[in-house]
Each structure stands twice: as structure tokens, then as C-alpha cells.
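Chemist: Take this structure first; my questions come after.
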Amino acid sequence: MYFTPGREFPLRAAAPRQSHQPRHALHRRFELDSAPIPPPKRPHRPDGRAPRERSEGRRACPWGLTKYIKVGSDGRKCIWVPNARKTGDLRFVRTTQPFGAIARAAARGPRAALKRQPRHRIHVHWSCVRFARPSPTSHSTPPFFMRFLSTLAASVIGTLVALGLIVFFFVFFFFAVSLSADQTPTVQSGSVLTVPLSGDIPERVTNDPFQKAFGGGPSVDLRGLQTALRKASSDSRIEAVWLRTKGVSADWATLEEVRQAVVQARESGLPVLASSDEFGMTEKDYFLASAADSVFTAPQSAFEYNGFGTTVTFFDGALQRLEVEPQLIRAGKYKSAGEPFVRSDLSEPNREQLTALLETTNEQFMTAVSEARGLSTDALNRLAEENALLSSAAALEENLIDGLRYEDEVRDRLRGLVDTSLSGDLPTVSIADYQRVSAESAGQSYTGSGQVDIVYAQGRIVVGDPNGQSPIGGSQALGSTPLTEALETARTDSRTEAVVLRVNSPGGSAAASEAMWRAVKRTANEKPVIVSMGDVAASGGYYLAAGADSIMADPTTTTGSIGVFGILFNAEGLFEEKLGVTFDGVRTGPYADLYSTTKPLSPDERRLVGGSIDQTYNTFLRRVADARNMDVEAVDEVAQGRVWSGRDAKEVGLVDTTGTLADAVAMAGAAAGLGDGPYRTRTLPQPKTIVERFSEQFAAQAQQVWRSATTNALERKFWRQKQMFDRMMGTHGSIQARLPFEPTIE
Numbered sequence: 001m002y003f004t005p006g007r008e009f010p011l012r013a014a015a016p017r018q019s020h021q022p023r024h025a026l027h028r029r030f031e032l033d034s035a036p037i038p039p040p041k042r043p044h045r046p047d048g049r050a051p052r053e054r055s056e057g058r059r060a061c062p063w064g065l066t067k068y069i070k071v072g073s074d075g076r077k078c079i080w081v082p083n084a085r086k087t088g089d090l091r092f093v094r095t096t097q098p099f100g101a102i103a104r105a106a107a108r109g110p111r112a113a114l115k116r117q118p119r120h121r122i123h124v125h126w127s128c129v130r131f132a133r134p135s136p137t138s139h140s141t142p143p144f145f146m147r148f149l150s151t152l153a154a155s156v157i158g159t160l161v162a163l164g165l166i167v168f169f170f171v172f173f174f175f176a177v178s179l180s181a182d183q184t185p186t187v188q189s190g191s192v193l194t195v196p197l198s199g200d201i202p203e204r205v206t207n208d209p210f211q212k213a214f215g216g217g218p219s220v221d222l223r224g225l226q227t228a229l230r231k232a233s234s235d236s237r238i239e240a241v242w243l244r245t246k247g248v249s250a251d252w253a254t255l256e257e258v259r260q261a262v263v264q265a266r267e268s269g270l271p272v273l274a275s276s277d278e279f280g281m282t283e284k285d286y287f288l289a290s291a292a293d294s295v296f297t298a299p300q301s302a303f304e305y306n307g308f309g310t311t312v313t314f315f316d317g318a319l320q321r322l323e324v325e326p327q328l329i330r331a332g333k334y335k336s337a338g339e340p341f342v343r344s345d346l347s348e349p350n351r352e353q354l355t356a357l358l359e360t361t362n363e364q365f366m367t368a369v370s371e372a373r374g375l376s377t378d379a380l381n382r383l384a385e386e387n388a389l390l391s392s393a394a395a396l397e398e399n400l401i402d403g404l405r406y407e408d409e410v411r412d413r414l415r416g417l418v419d420t421s422l423s424g425d426l427p428t429v430s431i432a433d434y435q436r437v438s439a440e441s442a443g444q445s446y447t448g449s450g451q452v453d454i455v456y457a458q459g460r461i462v463v464g465d466p467n468g469q470s471p472i473g474g475s476q477a478l479g480s481t482p483l484t485e486a487l488e489t490a491r492t493d494s495r496t497e498a499v500v501l502r503v504n505s506p507g508g509s510a511a512a513s514e515a516m517w518r519a520v521k522r523t524a525n526e527k528p529v530i531v532s533m534g535d536v537a538a539s540g541g542y543y544l545a546a547g548a549d550s551i552m553a554d555p556t557t558t559t560g561s562i563g564v565f566g567i568l569f570n571a572e573g574l575f576e577e578k579l580g581v582t583f584d585g586v587r588t589g590p591y592a593d594l595y596s597t598t599k600p601l602s603p604d605e606r607r608l609v610g611g612s613i614d615q616t617y618n619t620f621l622r623r624v625a626d627a628r629n630m631d632v633e634a635v636d637e638v639a640q641g642r643v644w645s646g647r648d649a650k651e652v653g654l655v656d657t658t659g660t661l662a663d664a665v666a667m668a669g670a671a672a673g674l675g676d677g678p679y680r681t682r683t684l685p686q687p688k689t690i691v692e693r694f695s696e697q698f699a700a701q702a703q704q705v706w707r708s709a710t711t712n713a714l715e716r717k718f719w720r721q722k723q724m725f726d727r728m729m730g731t732h733g734s735i736q737a738r739l740p741f742e743p744t745i746e
């Protein structure tokens with residue numbers, strides 16, 4: 001039971017002050033009694049007004065506070081008690097201010113008394129006490145400014161305390177995770193190295209404890225996979241390798257490098273077993289799994305084996321409806337970067353180069369499976385063309401896999417490979433933990449005193465610093481400034497004996513490509529520089545690679561595309577016909593508004609832009625001719641914007657040899673005279689700070705979670721197309737040396 005507005009309680013009498021209580025006690029109490037007290041003898045006046053304050057006040061309030069007696073809206077007398085509040089004892093009503101102070105304030109006048117008005121008031125009428133909040137117009141309310149300041153101060157203090165607790169929590173959490181991440185894992189004798197492969201296999205991951213703690217993305221990159229499998233080959237504690245594939249989405253060049261590392265581990269005498277769960281196997285999963293000694297899939301699971309294909313999206317029809325005119329100028333008949341904006345289908349040169357890329361991928365796949373399974377390539381091709389497989393049972397009939405096994409049965413098979421006497425849990429170590437094991441503990445030792453720097457050049461090429469465009473914008477960007485600084489660090493560091501430039505870029509800005517080519521050339525003049533091409537190193541990506549001493553590519557790397565283009569969009573029809581917006585202005589010369597988006601190019605303007613593009617193309621040809629020891633005319637024959645696979649690029653002289661990133665590191669170490677390896681390596685550019693990594697990871701993951709939660713698979717596909725469209729629209733008026741498309745072979 002609590003005091004509530006309007007609730008009345010009989011008042012018995014004021015309790016006398018005890019001898020041990022001070023005269024100005026901080027709490028004045030009113031004792032409540034359930035016994036009713038008779039109503040007053042003196043009635044109200046005929047006009048409805050209350051009796052005179054002095055006489056009624058003395059009777060209603062025997063405590064001598066007649067100056068605080070007021071007449072309420074209901075005609076009753078009430079006494080105002082400052083800062084009155086409820087207590088747990090229902091018999092008492094306490095105030096935080098002595099009555100003596102009230103009396104002194106009342107003696108100084110009504111204004112002083114009003115300043116001590118309470119937030120709650122106690123209404124007294126004869127024998128009744130009740131609580132009520134003051135009316136909004138009451139003078140007891142503190143001034144607005146004071147209430148604002150108090151609320152603001154409380155909010156600021158609360159916010160600071162909360163932020164302090166959050167910062168303390170994250171600092172404590174970070175150090176705890178860092179300590180656990182830095183600990184070297186314990187590898188038992190007879191362990192099985194588990195290699196789970198799903199989704200993308202990145203070129204590089206940062207050693208971010210927050211990412212590891214929250215599971216934000218892959219925990220091992222391509223270089224980590226290669227190094228860990230090589231260590232396992234010489235580690236006596238590792239008895240077998242277990243590949244667990246599930247929906248791998250990496251490009252084919254990356255898959256070739258991982259598969260080659262698995263093959264080398266298998267050839268060293270280490271048993272390798274591959275399996276998949278009820279998800280089944282795609283062709284990319286099977287390409288990796290086929291390198292193992294045995295391949296198993298779950299019963300009733302899917303198995304994809306139906307050939308390869310790629311799709312190009314065209315926007316010409318949409319732009320025509322919007323009355324936006326793309327004005328494309330290019331150098332090279334194969335340079336089809338602008339074709340999605342000016343055509344509705346593939347041109348013959350573009351179809352030719354796409355077909356060649358698909359044939360290379362198909363041949364590499366069939367050759368690898370043929371060697372692993374003992375089947376002819378003709379039979380494998382005929383199987384994909386005439387009788388596509390979609391189930392694991394059909395794959396077993398065609399001898400593509402070794403059996404249908406559940407996960408527990410696969411574990412039993414591994415237990416038999418490791419030690420037939422084992423009956424308990426299978427000792428395993430994940431590759432994410434095993435990559436932290438030192439080479440010395442795995443039975444390896446470094447050769448030479450120097451190191452090999454691996455400089456990563458990933459993403460579309462932009463001028464300067466991308467300023468965090470890549471994680472948040474959803475597409476990785478390669479800025480000319482960070483790469484130039486990384487190469488300068490490698491060039492001036494006395495510990496660095498050789499440099500491996502890992503290129504995985506479709507190109508971009510021609511000016512930025514020239515700046516990065518210059519940085520590569522300066523480094524190559526002092527130290528051996530070996531280029532290792534990843535999934536794609538085309539156009540601007542090949543431009544910067546031309547400054548190195550040697551170029552190595554994977555057989556399915558997309559490279560070449562030696563050509564440039566420029567595209568300008570004329571949105572005059574969109575504004576005038578669709579929106580009713582017109583433009584007019586003045587200029588100091590006939591070409592002042594050359595790059596305007598609200599008018600078409602004149603013949604003279606088109607000639608000027610075409611001349612600039614031809615000049616950039618000729619410079620590109622000279623850079624390649626000098627690097628490859630070829631004539632400019634010979635380079636022009638294999639250029640023209642033509643896209644080549646890594647295998648075909650070697651045949652036409654654009655690539656020196658084919659191989660993996662590990663092969664490129666070995667070549668660089670040998671060129672620097674460091675012995676046979678393994679070598680100490682360092683990756684550049686340096687990883688970002690904790691704050692930068694955390695903010696970028698948080699923003700990227702928040703965007704990814706939001707997009708995944710609010711879109712389906714079809715919408716996400718269209719989102720990727722929108723990103724490509726936005727990037728191409730952003731090239732308006734600039735000369736580009738980039739791949740004509742972003743191939744996804746599935």
C-alpha cells in the first residue's frame with residue numbers, strides 16, 4: 001500500500017518531539033490513524049468559499065504553520081511541506097527540511113516561502129492527509145534552465161560512466177584475446193590436421209583478435225594454407241590431413257594453388273582424406289578434394305558436375321529507357337570494358353576471349369581429375385556434356401568418389417589411418433591453430449640471414465590513398481600511394497634481399513598504374529623483384545607488373561588486356577525529356593565543358609579524347625615491349641585489349657613461367673642467393689592499427705549483416721551488378737586501363 005494522489009488518510013495528532021531528538025530535526029513525521037475524526041463544526045460559507053485562513057488554519061494545523069495553509073481547487077485547506085516523499089513505513093510521511101527553516105522562510109515573506117515549494121505536497125484538511133503532484137502552473141516547479149542543467153549534467157555523467165565501462169571491457173577483452181591468440185597450440189603425437197575450406201580463400205588476412213573472437217571472416221589465407229601444409233609434411237606429429245570442403249567460392253587460380261599444396265603434402269607421404277557433409281560438393285569443392293587419396297561425400301547429398309560457364313550483364317536497354325547516352329572511346333578491338341553500356345549482347349572479339357578462358361579452365365579441371373582418378377579426359381568431358389551428374393550416388397557409380405560416408409564414419413577411417421589401437425577421441429589440430437606453430441618445431445629451419453618481402457597489390461587501381469574504400473564500399477581498392485610506400489620500404493630495408501609482388505587486380509586508373517610501375521621499376525633496379533599473379537592481373541594490373549624482373553602466373557590467371565578506354569555519359573535526354581531540366585552557361589573556350597554530362601561530344605572533342613587515349617595506349621605498349629624484350633609491333637599484335645589465361649599468356653610471351661605464390665617466393669630467394677629455403681618472409685603494406693581494423697571490420701560486418709538480413713540471394717546478385725555499374729559510372733571522363741569485365745566462372 002502506497003500513498004497515491006487523491007488517497008486520504010486520517011490524521012491523529014502530531015507526535016511530540018522526544019528529548020533525544022534535536023529541535024531542528026531533519027524529518028517531521030505525521031502519524032496516521034485509522035480511527036475517523038468527526039468533521040469540523042464550522043461549515044463552509046454560503047458562497048462556497050472556505051472559512052478564514054487564520055482560524056481554520058489553527059484548527060487544521062496545530063503545528064503553527066498557518067502561513068503555509070492554502071486553499072485548494074476543491075475548496076479544501078492544504079499545507080505545503082517542502083520535499084515531501086514516501087517511506088516504507090505507512091505511518092510516517094517525512095520531509096527532508098526542518099520545519100524551523102520553513103517557518104523562517106515564511107517569516108521573510110511569501111516569495112521566500114514559494115522558493116521552498118516541494119515537488120510533492122501534502123494536503124491537510126482537518127483529519128485528512130493526501131499526496132498530489134503540484135499543478136504545472138505551480139510556483140514550486142524549479143526554473144526551466146535549472147531543470148535543463150540538472151538533466152544535462154546527469155546525462156553527461158551517465159554517458160561518461162557507460163563509455164568508461166565499455167572501454168574498460170574492450171581493453172580487457174582485447175588483451176585477453178591477444179594473449180590467447182599468441183599462444184602456440186599444443187600438437188599431440190599422432191594428430192590429424194583438419195583443413196576446413198568454405199567460401200572465399202583470401203589472399204591475406206590480418207591477425208586481428210577481434211575477428212578471431214567474433215568469427216568475422218576466414219581465419220587463414222592462401223599463404224597460411226601453403227605454409228601450414230608444407231610444415232605438416234615434415235612434422236612427425238602430424239599423421240594425416242583431413243580436407244573438409246563445403247561451398248568453396250574462391251576463383252580458379254586460388255584453387256589451383258591450394259590444390260598444388262595438397263598434392264605436395266600427399267607426395268611427401270602424408271595421407272590425405274577429403275570429405276563433405278550433407279551440403280554435397282560443387283565442382284570447385286571436387287577440384288580440391290580430387291587431390292586427396294580418398295574422397296567421401298554424405299549419403300543423399302548433391303554433387304555438381306555439369307561444365308562451366310560465365311555471364312556478362314548489359315545495361316544498354318536500361319540506359320536507352322533513361323535516355324542516357326554512353327560515349328565510348330577505346331584503343332584495341334578486344335577492349336570490351338564499355339560494351340555492357342553500348343551493347344545488349346557479346347561482341348565477337350569478346351566472345352572469342354571468353355571462350356578461350358573457359359576452355360583453359362575446363363582443361364585444367366579435367367586434367368587434374370584425370371590424373372587423380374585414373375579416368376581419361378575424353379570420358380570426363382563426355383560425362384559432363386551428355387550426362388551431367390547432380391547426386392553423390394551417381395558420382396560414386398562413375399568412380400569420381402570412393403564412397404558415401406557420414407562424418408562419424410570418416411572419423412573412424414582416419415582413426416584407422418593414425419593408429420588402429422585408438423578408441424577414444426580423434427586427436428586433431430585445425431589449420432587455423434597449426435599455422436602459428438613455428439617452422440623449427442615442425443622440423444624445418446630457415447636458410448640465409450635475409451628475408452623476402454611479399455608486397456600485396458590487390459583490388460581495382462585508384463589514384464592516391466583509397467581511404468578505406470575497400471572494406472566499407474564492398475570492393476577492394478588498390479591505391480597508388482600505399483603500394484608505392486610499401487615498395488619504398490622494401491627497397492630501402494637492408495634486411496630485405498628480394499621482393500615478391502603479388503598482383504591480384506583487374507586494373508583501373510591509367511595514371512595510378514604508371515606511378516606504381518615506376519615504383520616497381522625502381523625496386524627492381526636494386527633488388528630481385530618477382531611478380532606472382534593471382535586470380536586476375538590484367539590491364540593496369542599487368543601494367544605495374546611489367547616493371548619486375550620476372551612474371552609468374554597460375555595457368556588459369558586472367559591477365560593481359562593491354563589496352564585503355566574512356567567513357568563519358570551524356571544525360572541531356574534524361575534531364576530534358578524525363579525531368580524537364582535544362583542547362584545553359586558561359587565558357588572561356590570551346591573545350592571548357594569537355595567533360596560535361598549534359599551534352600554530347602562534338603567531333604573535335606571526340607578527336608581530343610581519342611588522341612589522349614591513343615597516347616596512353618602507346619605508352620602502355622612501350623612499357624611492355626621494354627619489359628618483355630619485344631618490338632612494339634609484336635606487343636600490339638597480342639595486345640589490343642585481349643584477355644589471356646596464364647597458360648596462353650606464357651605461349652605469347654607475356655608471362656615467363658607458370659607457378660604458385662610459393663614458387664615465386666622460392667624463385668625470389670634463389671635469385672637473391674638465400675639457398676633452398678624456407679625463407680623468412682614479411683608482408684607489406686603493414687597491417688593497420690587496432691582502431692583502424694576494428695572500425696573497418698565493424699562497418700563492413702554491419703553492412704554485410706544488414707544486407708544479408710534484408711535481401712535474398714537474387715537481390716544480392718543485383719546488388720553486385722549495381723556496384724559494378726556504380727564503379728563504371730565513376731570512371732566518367734577518366735582514362736582507364738582495366739579489365740573489360742569481372743569474370744566469375746562457375
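Its first residue numbered 1, the sequence shown is counted upward by one per residue in full-length UniProt numbering.
For every residue, glycine included, the Cβ atom is placed at its ideal position computed from N, Cα and C.
1. Can you tell me whether Tyr591 is buried or exposed? The criterion is at least 16 other CB atoms within 10 Å of its CB, across all chains shown.
2. Hey, how far is the Cα of Leu501 from the Cα of Ala545?
3. Is the separation between the beta-carbon of Asp293 and that of Val248 shorter than 9 Å?
4. Does the region 318-325 come into contact with the region 571-580, if we say contact requires no fewer than three beta-carbon pairs (one atom in each stretch) closer than 8 Å?
5. Using only the alpha-carbon positions, how far apart do Ala512 and Asp251 sit?
6. Among the residues of its own chain, which have a CB less than 7 Å from the CB of Thr377, if the five just before and after it don't count?
7. So, is His120 buried or exposed, given that buried needs 16 or more other C-beta atoms within 10 angstroms?
8. What is the DSSP secondary structure of Ala368, reduced to helix, strand or coil?
9. Between which two residues does the beta strand (DSSP E) holding Pro466 run?
10. Roughly how many whole angstroms lie between the Cα atoms of Phe341 and Val171?
11. Kindly indicate which residue of Thr588, Arg587 and Ala571 has the alpha-carbon position closest to the one of Gly580.
12. DSSP beta-bridge partners for Ala457?
13. Check the DSSP bridge columns for Val529 and list the partner residues they point to.
14. According to DSSP, which residues form a beta bridge with Gly560?
15. So the beta strand (DSSP E) residue 748 belongs to, where does it begin and stop?
16. Could you check how far apart the C-beta atoms of Val241 and Val195 are, in whole angstroms? I think they sit under 8 Å.
17. Could you name the residues that DSSP lists as bridge partners for Gly479?
18. So Tyr456 and Thr683 are supposed to be a Cβ contact under 8 Å. How far apart are they, rounded?
19. Around the C-beta of Leu255, are 16 or more other C-beta atoms found within 10 angstroms, so that it is buried, or is it exposed?
20. Can you give me the Cβ contacts of Ile329 inside the same chain, cut-off strictly under 6 Å, excluding the 5 residues immediately before and after it?
21. Residues in the same chain with beta-carbon distance under 6 Å from Asp200, minus the five sequence neighbours each way, listed in chain order, please.
22. Flag this pair as yes or no: are the beta carbons of Ser392 and Ala274 separated by less than 9 Å?
23. Ignoring anything shorter than 3 residues, give me the beta strand (DSSP E) runs that lie fully in the region 193-265, in order along the chain.
24. Between the region 229-237 and the region 436-451, do three or more beta carbon pairs fall short of 8 Å?
25. Tell me whether Asn570 sits in a helix, a strand or coil according to DSSP, three-state version.
26. Just mark Pro603 as buried or exposed, buried being the case when its beta carbon has 16 or more other beta carbons within 10 Å.
27. So, do the region 531-549 and the region 495-509 have three or more beta carbon pairs nearer to each other than 8 Å?
28. Which residue comes first and which comes last in the beta strand (DSSP E) that contains Glu633?
29. Which of the three DSSP states, helix, strand or coil, is assigned to Ala153?
30. From the DSSP secondary-structure annotation, give me the bridge partner or partners of Tyr305.
31. According to DSSP, simplified to helix, strand and coil, what is Leu594?
32. Please report the distance separating the alpha-carbon of Thr558 from that of Ser155.
33. Compare the beta carbon distance of Gln451 and Arg495 with 9 Å and say whether it is the shorter of the two.
34. Using 8 Å for Cβ pairs, my map puts Gly508 next to Gly540. What's the rounded Cβ distance?
35. Please classify Arg623 as buried or exposed, where buried requires at least 16 other C-beta atoms within 10 Å of its C-beta.
36. Give me the Cα-Cα distance between Val586 and Gln327, rounded to the nearest whole angstrom.
Modeler: In terms of the structure at hand:
1. exposed
2. 8 Å
3. no
4. yes
5. 26 Å
6. Met366, Thr367 and Ser370
7. Note on His120: pLDDT 41, under 50, position unreliable in the model; the coordinate value appears next. His120 should be labelled buried.
8. helix
9. Here Pro466 belongs to no beta strand (DSSP E), and DSSP marks it neither H nor E.
10. 50 Å
11. Ala571
12. Val503
13. Val499
14. Ala538 and Val643
15. The requested residue 748 does not occur in the structure, where the chain is confined to residues 1 to 746.
16. 6 Å
17. Val462
18. 7 Å
19. buried
20. Gly566, Val609, Gly610 and Ile613
21. Ser249 and Ala250
22. no
23. 238-248
24. yes
25. strand
26. exposed
27. yes
28. Counting along the chain, Glu633 falls outside any beta strand (DSSP E), though it belongs to the alpha helix (DSSP H) covering Val632 to Val638.
29. helix
30. Leu389
31. coil
32. 58 Å
33. yes
34. 5 Å
35. buried
36. 23 Å
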